[in-house]
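To keep things clear, I will list the structure first and then write my remarks on it.
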Amino acid sequence: MAKLIINREQPKGTIAPEIYGHFSEHLGRCIYEGLYVGEDSEIPNVNGMRTDVVEALKEIKIPVLRWPGGCFADEYHWKDGIGPKENRKKMINTHWGGVLEDNSFGTHEYFELCRQLGCKTYINGNVGSGTVQEMSEWVEYMTFDGVSPMADLRKANGQEKPWKVDYFGVGNENWGCGGNMRPQYYGDLYRRYQTYIRNYNSAEPVKKVCCGANSDDYKWTKDVLATTHEHAQPEFHGFMDGLSLHYYTVPNTWQEKGSATQFTEEEWYKTLKKAMYMDELVTRHGTIMDEYDPEKKIGMIVDEWGCWYDVEPGTNPGFLYQQNSVRDALVAGVTLNIFNKHCDRVKMANIAQTINVLQSVILTEGPDMIKTPTYYVFHMYRHHQGAKLLDSTLSGVEQVGVKEWEVPAVTESVSENEEGIITVTLNNLSADKVQDLEILLNGGEGALEVAEANVVTGQMLACNTFEDPENVTEKPFTEYQVSGNTMKIQMPACSVVELRICSK
Ligand code: AHR
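Count along the sequence shown starting at 1, add 9, and that's the number in the numbering used here.
This is the structure we're talking about:
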């Protein structure tokens, strides 16, 4: 039988709540219809933000929301999205679907959304087609508490006090849609642009995120770090707080990615194996970061991750709308366990994207809203936010798969919160076999007790639809037996399990 040994005595760092972050772009129906319906909508809203969606995101403790893109960020000119809505510029969203962007959701609306969600803010600036002045003025507009042209403009637009910008991204995918740059060129631009992101409030400095690599482009990481570090000032660490990484799990090829809902067992394993590749990416990019930042002061910010499939038949190909199945729940479970285990370096991650785009936690259709299997994984894993990662080791785990697509049947991560409650999150990647696991808790004073146990499971292809919205949900998990400081569990095939245990 496979065995999981947990050592309570050896916490390995703190799991940044931001690892459970989200990303929302002006893309398809993510912002418009998804998050924002406007004040005049018949769909219940507060200041234009959908009430059902805000409530659902609060239930998973959304810690941070990245906006406005994505590729859209490097085409976004923030002044188009402020002031009276009737005067805001209209444009065609050339990148995503060629639809009209009326800029009715802009800076003020974003901060209002984050206020309602109670989450941190992460704004992505425009390097690809924007100027240093434009970026610098945006930061002044948002954060300066005094008399200045931009602060006065903000006040004239109804916001007296500055907002808090927690993170600011200096460009997005500047190796691709953000300007097709070479790493040295971008590295130089990063140095220049970030200089003018002033910290108007030294008590709450804006954390600056440098554009990192796509997938396994280790050269980008190396060259950007070499360029940005050369002749860097001693106060370098105010200069770069994060370096991003983007990685999408695409089952087949970028041309024919594969369906979100119709896939074979081989594709199940292929997808999970590709999702597990995140571990190698974080490790190898992390090793390069260690060369320049051995004290790990620069966070790895995985600000785009998730499954990317073919769009749902009949939908606008530029809207990237896809369904979400138990396979996505497993991808989320596996990936979040990887991030937890690398919490010494990974300081934020943002699943792409919150609603109606790629691996979403929520889908909407007019006034209706459904929570996806991925949503329930975020709900269970919320207990890891801010907790201490514990040392945990799996042994005796079998490999499962089809052809070369083999993966370990079980993955896990374990954390302990301030109240001494230990959260164990486990995935059974097998498409058809129950996994028996023995769990041994070292370092407790008495018998192990189960405070709560939940599971998200279903057939490989199972998903939630507007006709059957609760086909896959989080349910109580009862397949366990406790004896002293050990417990045995039987995890159903295709499942994500959360155990909350303590020892008195
Ligand atoms: O999330 C969709 C797109 O994927 C983003 O706009 C871009 O950054 C990435 O290529």
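Cβ coordinates follow ideal geometry from the N, Cα and C atoms, glycine included.
Exclusion of the five residues before and after GLY137 leaves ASP83, GLY187, GLY188 as the residues of its chain whose Cβ lies within less than 6 Å of its Cβ. With 16 or more other Cβ atoms inside 10 Å of its own Cβ, MET249 counts as buried.
Rounded to the nearest angstrom, the gap between the Cα atoms of ALA212 and VAL491 is 48 Å.
Pairing MET144 with PHE153 gives a Cβ-Cβ distance that is not under 8 Å. In terms of CA proximity to LEU438, TYR278 leads the group TYR278, VAL355, ASN112, CYS352. PHE387 counts as buried, since at least 16 other C-beta atoms from the protein chains shown sit within 10 angstroms of its C-beta. Put simply, the stretch 363-375 does not touch the stretch 437-452. Fewer than three CB pairs are less than 8 Å apart. The beta carbons of LEU398 and VAL419 sit no closer together than 8 Å. Residue state for ILE448 is assigned as strand, using DSSP reduced to three classes. According to the DSSP assignment, HIS86 belongs to no beta strand (DSSP E), since it is labelled neither H nor E.
Relative to the Cα of GLU182, the nearest Cα in the group GLU239, ASP175, GLU169, GLY196 belongs to GLY196. At the C-beta level, GLY90 and ASN112 come within 8 Å of one another.
In the structure shown, the three-state DSSP call for ASP161 is helix. Residue pairing from DSSP leaves SER145 without any beta-bridge partner.
Only residues of its own chain outside the window of five on either side were considered, and among them TYR150 have a CB closer than 7 Å to the CB of ARG163, listed in chain order. The three-state reading of DSSP puts ASN166 in coil, since its state is none of H, G, I, E or B. With fewer than three CB-CB distances shorter than 8 Å, the stretch 402-420 does not count as touching the stretch 456-469.
Between the ligand AHR and LEU252, a heavy atom-to-CB distance of less than 7 Å is absent. With a threshold of 7 Å, the Cβ atom of GLN362 counts as near the ligand AHR, since some heavy atom of the ligand is closer than that.
Rounded to whole angstroms, the gap between the alpha carbons of GLN193 and GLU300 is 18 Å. In this structure, DSSP gives ASP312 an extended state, which the three-state scheme calls strand. In the DSSP assignment, GLN125 falls within the unbroken alpha helix (DSSP H) covering 116-126.
As computed with DSSP, GLU483 is found in a beta bridge with VAL465.
For PHE114, the distance from the CB to the nearest heavy atom of the ligand AHR is not below 7 Å. Of the candidates MET500, CYS219, GLU476, ALA471, MET500 places its Cα closest to the Cα of PRO485.
Within 10 angstroms of the beta-carbon of PRO417 lie 16 or more other beta-carbons, which makes it buried.
Looking from the CA of VAL259, the closest CA among LYS380, GLU413, TYR318, ASN494 belongs to TYR318.
Burial check for ILE498: the Cβ neighbour count within 10 Å reaches 16 or more, so the residue is buried.
In this structure the stretch 48-59 does not lie against the stretch 73-81, because fewer than three pairs of beta carbons, one per stretch, are closer than 8 Å.
A Cβ-Cβ distance of about 7 Å is found for the pair ALA11 and ASP445, placing them in contact under the 8 Å criterion.
Taking C-beta separations shorter than 8 Å and ignoring five residues to either side along the sequence, the partners of ASP226 in its chain run TRP184, following chain order. Within the same chain, and ignoring the five residues on either side of GLU146 in sequence, the residues whose Cβ sits closer than 6 Å to its Cβ are MET159.
Here DSSP, grouped into helix, strand and coil, assigns CYS80 to helix. Per DSSP, the beta-bridge partners of ASP377 are GLU374. Residue range 227-238 is occupied by the alpha helix (DSSP H) that includes HIS238, with no beta strand (DSSP E) assigned at that position. The Cβ atoms of PHE32 and ILE371 do not sit closer than 8 Å to each other.
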